[in-house]
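A short write-up of the structure that comes next.
Protein chains: 2
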Amino acid sequence: MGRRALRFLLLSFLAPWATIALRPALRALGSLHLPTNPTSLPAVAKNYSVLYFQQKVDHFGFNTVKTFNQRYLVADKYWKENGGSILFYTGNEGDIIWFCNNTGFMWDVAEELKAMLVFAEHRYYGESLPFGDSSFKGSRHLNFLTSEQALADFAELIKHLKRTIPGAENQPVIAIGGSYGGMLAAWFRMKYPHMVVGALAASAPIWQFEDLVPCGVFMKIVTTDFRKSGPHCSESIRRSWDAINRLSSTGSGLQWLSEAFHLCSPLTSEDIQHLKDWISETWVNLAMVDYPYASNFLQPLPAWPIKVACQYLKNPNVSDLLLLQNIFQALNVYYNYSGQAKCLNISETATGSLGTLGWSYQACTEVVMPFCTNGVDDMFEPHSWNLKELSDDCFQQWGVRPRPSWITTMYGGKNISSHTNIVFR
Amino acid sequence: MGRRALRFLLLSFLAPWATIALRPALRALGSLHLPTNPTSLPAVAKNYSVLYFQQKVDHFGFNTVKTFNQRYLVADKYWKENGGSILFYTGNEGDIIWFCNNTGFMWDVAEELKAMLVFAEHRYYGESLPFGDSSFKGSRHLNFLTSEQALADFAELIKHLKRTIPGAENQPVIAIGGSYGGMLAAWFRMKYPHMVVGALAASAPIWQFEDLVPCGVFMKIVTTDFRKSGPHCSESIRRSWDAINRLSSTGSGLQWLSEAFHLCSPLTSEDIQHLKDWISETWVNLAMVDYPYASNFLQPLPAWPIKVACQYLKNPNVSDLLLLQNIFQALNVYYNYSGQAKCLNISETATGSLGTLGWSYQACTEVVMPFCTNGVDDMFEPHSWNLKELSDDCFQQWGVRPRPSWITTMYGGKNISSHTNIVFR
Chain A
1 MGRRALRFLL
11 LSFLAPWATI
21 ALRPALRALG
31 SLHLPTNPTS
41 LPAVAKNYSV
51 LYFQQKVDHF
61 GFNTVKTFNQ
71 RYLVADKYWK
81 ENGGSILFYT
91 GNEGDIIWFC
101 NNTGFMWDVA
111 EELKAMLVFA
121 EHRYYGESLP
131 FGDSSFKGSR
141 HLNFLTSEQA
151 LADFAELIKH
161 LKRTIPGAEN
171 QPVIAIGGSY
181 GGMLAAWFRM
191 KYPHMVVGAL
201 AASAPIWQFE
211 DLVPCGVFMK
221 IVTTDFRKSG
231 PHCSESIRRS
241 WDAINRLSST
251 GSGLQWLSEA
261 FHLCSPLTSE
271 DIQHLKDWIS
281 ETWVNLAMVD
291 YPYASNFLQP
301 LPAWPIKVAC
311 QYLKNPNVSD
321 LLLLQNIFQA
331 LNVYYNYSGQ
341 AKCLNISETA
351 TGSLGTLGWS
361 YQACTEVVMP
371 FCTNGVDDMF
381 EPHSWNLKEL
391 SDDCFQQWGV
401 RPRPSWITTM
411 YGGKNISSHT
421 NIVFR
Chain B
1001 MGRRALRFLL
1011 LSFLAPWATI
1021 ALRPALRALG
1031 SLHLPTNPTS
1041 LPAVAKNYSV
1051 LYFQQKVDHF
1061 GFNTVKTFNQ
1071 RYLVADKYWK
1081 ENGGSILFYT
1091 GNEGDIIWFC
1101 NNTGFMWDVA
1111 EELKAMLVFA
1121 EHRYYGESLP
1131 FGDSSFKGSR
1141 HLNFLTSEQA
1151 LADFAELIKH
1161 LKRTIPGAEN
1171 QPVIAIGGSY
1181 GGMLAAWFRM
1191 KYPHMVVGAL
1201 AASAPIWQFE
1211 DLVPCGVFMK
1221 IVTTDFRKSG
1231 PHCSESIRRS
1241 WDAINRLSST
1251 GSGLQWLSEA
1261 FHLCSPLTSE
1271 DIQHLKDWIS
1281 ETWVNLAMVD
1291 YPYASNFLQP
1301 LPAWPIKVAC
1311 QYLKNPNVSD
1321 LLLLQNIFQA
1331 LNVYYNYSGQ
1341 AKCLNISETA
1351 TGSLGTLGWS
1361 YQACTEVVMP
1371 FCTNGVDDMF
1381 EPHSWNLKEL
1391 SDDCFQQWGV
1401 RPRPSWITTM
1411 YGGKNISSHT
1421 NIVFR
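Just so you know, the sequences run in chain order A and B.
Per this note's numbering, the first sequence runs over residues 1 to 425.
Per this note's numbering, the second sequence runs over residues 1001 to 1425.
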């Protein structure tokens, strides 16, 4: 049981049906900041000040008076007191500097909008830790990691900025975010319309809760990206799972796999699910950063990286060994485009700037997004959505159980027609 | 110091500048349910079911799994599954049955709107106690007494009703409340517009925070009510304070006062501030229930009770003794209209159905409403608004300190133009 739970918990970072919707942000934000030369990133110098604002740990209760320092970044090169605006990035589950450096859109439009750029770090990520090193120690310390508290942080910070920056008080503020941060931007406009005149919510899966959309839809879209990026590409991936299963049934197969995939540690039979989850998340990540220009967000990548990976996956009708060698080549586009990787580590799929611990807790409490696959409408192994299993694993890891319907209760699900000025894209 | 703090804490229930805005609800609700015969209450039989719904003690954190039973009342005599509606009373600081029996408007319109009436009790009031008898023991137990938690209770309850009552799912819900409950109705529509199509917020002082309105405006309006209800009425009251001060400087004066006012306990010189606060709150209460028909909400009263009281206060130019005898007659309209009172108790100004403990905590945390008087624009003794003193007294009583700007941050202050379908009256 311990082993099984452990595997699931790893899976909650590695496998798409547990957590990947955290990061789709960036595709849309990417397409928003389309540079004039689509093969390179926009070359805007990112100069900003790093600042801190004292926040209450608990906005919704008065029993604790504890505070912490929320980090935020301000870039005001193009800001004008008169006729300007404030673009407010509603930070999501990672280091705010990393998001700041990868949200080109805001930098691109700063001059035109005479905008002050503000990037607010989400509590429990980056340096904004309510209990310092103890922040992730148990459900008592994690109790204040919720979207509601994060939105209240944003509200208090905006009030602070308007109060303290001369000329800012009457300027319009626009919330901007991607992925979970896009949800936050939308929710912020919904809950605090007095704070922001509007929100740009990029790749914000606000309906990826309960049964608002079919649980398989996300992975189906990922599959479509691969299917359209090269002949037989998604079919090759779909067939790879059984090939891995067959090979991993023998010791020599495991050894071959470890070597063929250039893994840093040799596989045991118990690692196989983990391996497949890692590969699955790699495809999902590729879909999320399939930008039309070279980029370096989750990994250094060429333009249209799925197309590049699919060049290795043109023929699904080959032997298991050849198919998996091709899979490795495709994985290598993601993990070793720079040519620097000595071996591949199946415990990592992306930058360490993402806050995996914090996100794991959020996925175990409020942000319960059902994902599933069936291997028919998508290219993944079938995996149903199992709330009971998630709940038990969450209880074992964090001592909490998810409340899958809460986000819909709080933010309205599909019944959001009374809100205005929220751009979803 | 102990004595002083104690006196202030009593004052926080007895004196208008600390708490009276809690109850102005009822005047507007009263005028809403104007009966055809304005000298009597509408005679609608109030038949309802008493029900309970299991609520989470903490909607905004996952560390506790504790629940409690929220009481609510349902009256569905006129309800129609098709074409009907749900009127949802957002319970405020008292026993919900008492509010139910005194919100005639909802009963009056039930048939016309084919409405189901639902009266939801506010947590920490009436029977809806999150920690039972321990609910008011210390800031740890009181930590979940906030407007945000109460609104979340309402949201969960409405979801429950729509899920479990056949035909209710697609019916429009309208939030209705008065005074603090009127604020809750308005805030509920602001924060959960997916739950209610609109709100009727009666006598809801949503701007009685920070400096959104001058702190003296409420007491000025009370004074105007008295000034317009009889010649020299407010002037008589204005002069009464100094008369009390002069009389209470001697032992014989104290004794005379105790007897003239028919007090249950004889006054000491330390009770004088308390006495004046009690009288002040009486005038405020009269203003809040100055209905055009006989009623029995805070006390049994005649129609237009201020006019009746002012009949005793026509001449301010009399001796202290005569002036205060007249004041007693006026007080008696409020405290002894039934003729049943044997003596007057300066620790009580209204029904015990109000939850004074819970409200005291709320006034010490979120619901920080600045009130003040100057004795010129109003008929009361001058009393400035002193946040520091309030904070220290709150800390001594509850171990918490108020956050006076939080309500504005949360609910928008005057910047609420993006909301719709909220009727303030």
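Ideal placement from N, C-alpha and C gives every residue a C-beta, glycine not left out.
Predicted model only: the values in this text are computed from it and were never measured.
CB contact below 8 Å: B:HIS1194 versus chain A: Translated into the one-based positions of the second sequence, residue 1194 of chain B becomes position 194. It does; some Cβ of chain A falls within 8 Å.
Buried or exposed by the 16-neighbour rule on C-beta atoms within 10 Å, applied to B:LEU1331: Residue mapping note: residue 1331 of chain B aligns to position 331 of the second sequence, counting from 1. Buried: at least 16 other Cβ atoms inside 10 Å.
Sub-8 Å separation of A:LEU323 and A:ARG239 beta-carbons: Counting from one through the first sequence, the residue named residue 323 of chain A turns up at place 323. Counting from one through the first sequence, the residue named residue 239 of chain A turns up at place 239. Yes, the pair counts as a contact, with Cβ atoms nearer than the cut-off.
Segments of 3+ residues assigned as beta strand (DSSP E) that fall wholly inside the region 1194-1277 of chain B: 1198-1202
Closer than 8 Å to chain A by CB, B:ALA1155: On the second sequence, residue 1155 of chain B is found 155 positions in, with the first residue counted as 1. With 8 Å as the cut-off, B:ALA1155 counts as an interface residue toward chain A.
B:GLY1355 vs B:GLU1093 beta-carbon contact at 8 Å: The residue you call residue 1355 of chain B lines up with position 355 of the second sequence. The residue you call residue 1093 of chain B lines up with position 93 of the second sequence. Cβ distance < 8 Å, so B:GLY1355 and B:GLU1093 count as in contact.
Cβ-based burial, A:ARG140 [other Cβ within 10 Å; buried from 16]: Translated into the one-based positions of the first sequence, residue 140 of chain A becomes position 140. Answer is exposed; the Cβ neighbour count stays below 16.
Distance CB(B:SER1128)-CB(B:PHE1088) smaller than 8 Å: Position 128 of the second sequence, counted from the first residue, corresponds to residue 1128 of chain B. Position 88 of the second sequence, counted from the first residue, corresponds to residue 1088 of chain B. No, these two residues do not count as a Cβ contact at 8 Å.
Cβ shell of A:ILE158 (< 7 Å), same chain only, five flanking positions each side left out: As a working note, residue 158 of chain A is residue 158 in the first sequence. Hits under 7 Å: PHE88, VAL173 and MET195.
Min CB distance B:LYS1191 to chain A below 8 Å: For the purposes of this step, residue 1191 of chain B is identified with residue 191 of the second sequence, where counting begins at 1. Interface residue, yes.
Span separating the alpha-carbon of B:TYR1312 from that of B:TYR1334: Locating residue 1312 of chain B in the second sequence gives position 312, counting from the first residue. Locating residue 1334 of chain B in the second sequence gives position 334, counting from the first residue. Going from the Cα of B:TYR1312 to the Cα of B:TYR1334 covers about 13 Å.
Amino acids of chain B, ordered along the chain, whose beta-carbon sits closer than 8 Å to that of A:THR420: Taking the first residue of the first sequence as 1, we reach residue 420 of chain A at position 420. What A:THR420 touches in chain B: SER1418.
B:SER1319 versus B:SER1236: straight-line alpha-carbon distance, rounded: Residue 1319 of chain B sits at position 319 when you count from the first residue of the second sequence. Residue 1236 of chain B sits at position 236 when you count from the first residue of the second sequence. Answer to the nearest angstrom: the Cα atoms are 11 Å apart.
Between the CA atoms of B:ALA1168 and B:MET1379 - distance to the nearest angstrom: In the second sequence, residue 1379 of chain B corresponds to position 379, counting from 1. In the second sequence, residue 1168 of chain B corresponds to position 168, counting from 1. Rounded to whole angstroms, B:MET1379 to B:ALA1168 spans 50 Å at the Cα level.
C-alpha distance - B:HIS1383 paired with B:GLY1083, whole-angstrom precision: Taking the second sequence and counting its residues from 1, one reaches residue 1383 of chain B at position 383. Taking the second sequence and counting its residues from 1, one reaches residue 1083 of chain B at position 83. About 53 Å.
Contacts around A:VAL57, its chain only, beta-carbon distance under 7 Å, and the 5 residues preceding and following it disregarded: The residue you call residue 57 of chain A lines up with position 57 of the first sequence. If we look at A:VAL57 and ignore the five residues flanking it on each side, its Cβ neighbours are THR64, LYS66, THR67, PHE68, PRO130 and PHE144.
Minimum C-alpha distance to A:TRP207 - residue among A:ILE422, A:TYR411, A:THR420 and A:VAL423: Position 207 of the first sequence, counting from 1, holds the residue named residue 207 of chain A. Selected option, being the one with the closest Cα: A:TYR411.
Simplified DSSP state of B:ILE1279, which is helix, strand or coil: In the second sequence, counting from the first residue as 1, residue 1279 of chain B sits at position 279. It is helical.
Closest residue to B:GLN1362 among B:TYR1125, B:GLY1177, B:THR1224 and B:TYR1291 (Cα-Cα distance): For the purposes of this step, residue 1362 of chain B is taken as residue 362 along the second sequence, with counting starting at 1. Among B:TYR1125, B:GLY1177, B:THR1224 and B:TYR1291, the Cα nearest to that of B:GLN1362 belongs to B:TYR1125.
Cβ distance (whole Å) where A:ILE176 is taken to contact A:LEU200 below 8 Å: In the first sequence, residue 176 of chain A corresponds to position 176, counting from 1. In the first sequence, residue 200 of chain A corresponds to position 200, counting from 1. A:ILE176 to A:LEU200, Cβ: 5 Å. Contact.
Beta-carbon gap between A:HIS262 and A:CYS343 smaller than 8 Å: The residue given as residue 262 of chain A occupies position 262 in the first sequence. The residue given as residue 343 of chain A occupies position 343 in the first sequence. Contact flag set, yes.
Residues near A:LYS414 by beta carbon distance below 8 Å, same chain, minus five either side: Translated into the one-based positions of the first sequence, residue 414 of chain A becomes position 414. Same-chain partners within the cutoff: TRP207 and LEU212.
Contacting positions in the region 137-148 of chain A - beta carbon closer than 8 Å to chain B: SER139, ARG140, LEU142, ASN143, PHE144, THR146 and GLU148
Alpha-carbon to alpha-carbon, A:ILE416 and B:GLN1149: Here residue 1149 of chain B is taken as the residue at index 149 of the second sequence, counted from 1. Here residue 416 of chain A is taken as the residue at index 416 of the first sequence, counted from 1. Straight-line Cα distance between these residues: approximately 21 Å.
Within the region 160-193 of chain A, ranges of the beta strand (DSSP E) (whole runs, at least 3 residues): 173-178
Under the three-state DSSP convention, the category A:MET116 falls into: Position 116 of the first sequence, counting from 1, holds the residue named residue 116 of chain A. Residue state, collapsed to three classes: strand.
Under the three-state DSSP convention, the category A:GLY413 falls into: Looking up residue 413 of chain A in the first sequence gives position 413. Reduced to three states, the DSSP call for A:GLY413 is coil.
C-beta neighbour in chain E for A:LYS159, strict 8 Å: As a matter of chain content, chain E is missing from the structure shown, whose protein chains are A and B.
Cβ neighbour criterion (16 or more within 10 Å) applied to A:GLN54: Locating residue 54 of chain A in the first sequence gives position 54, counting from the first residue. Exposed is the call here.
Collapsed DSSP secondary structure at B:LEU1073 in the structure displayed: Here residue 1073 of chain B corresponds to residue number 73 of the second sequence, with the count starting at 1. Strand, per DSSP.
Residue-level contact to chain B via CB, A:GLY230, 8 Å cutoff: Residue mapping note: residue 230 of chain A aligns to position 230 of the first sequence, counting from 1. No - not a single Cβ of chain B is within 8 Å of the one on A:GLY230.
Three-state secondary structure (DSSP) of A:GLN340: Numbered from 1 along the first sequence, position 340 holds the residue referred to as residue 340 of chain A. Three-state DSSP puts A:GLN340 in coil, outside helix and strand.
Top-ranked residue by Cα proximity to B:CYS1372, from B:SER1085, B:LYS1046, B:LYS1220 and B:TRP1256: As a working mapping, residue 1372 of chain B is identified with position 372 in the second sequence. Of B:SER1085, B:LYS1046, B:LYS1220 and B:TRP1256, the residue nearest in Cα terms is B:LYS1220.
Residue-level contact to chain A via CB, B:ASN1170, 8 Å cutoff: Start at 1 with the first residue of the second sequence, and residue 1170 of chain B comes out as number 170. So, not an interface residue.
Contact with chain B by A:THR67, beta-carbon distance below 8 Å: As a first step, residue 67 of chain A is located in the first sequence; it is residue number 67 there, counting from the start. A:THR67 does not count as touching chain B.
Cβ-based neighbour list, B:VAL1368, same chain, cut-off 6 Å, excluding 5 preceding and 5 following: For the purposes of this step, residue 1368 of chain B is identified with residue 368 of the second sequence, where counting begins at 1. Once the five neighbours on either side are set aside, the close Cβ partners of B:VAL1368 are PRO1402 and PRO1404.
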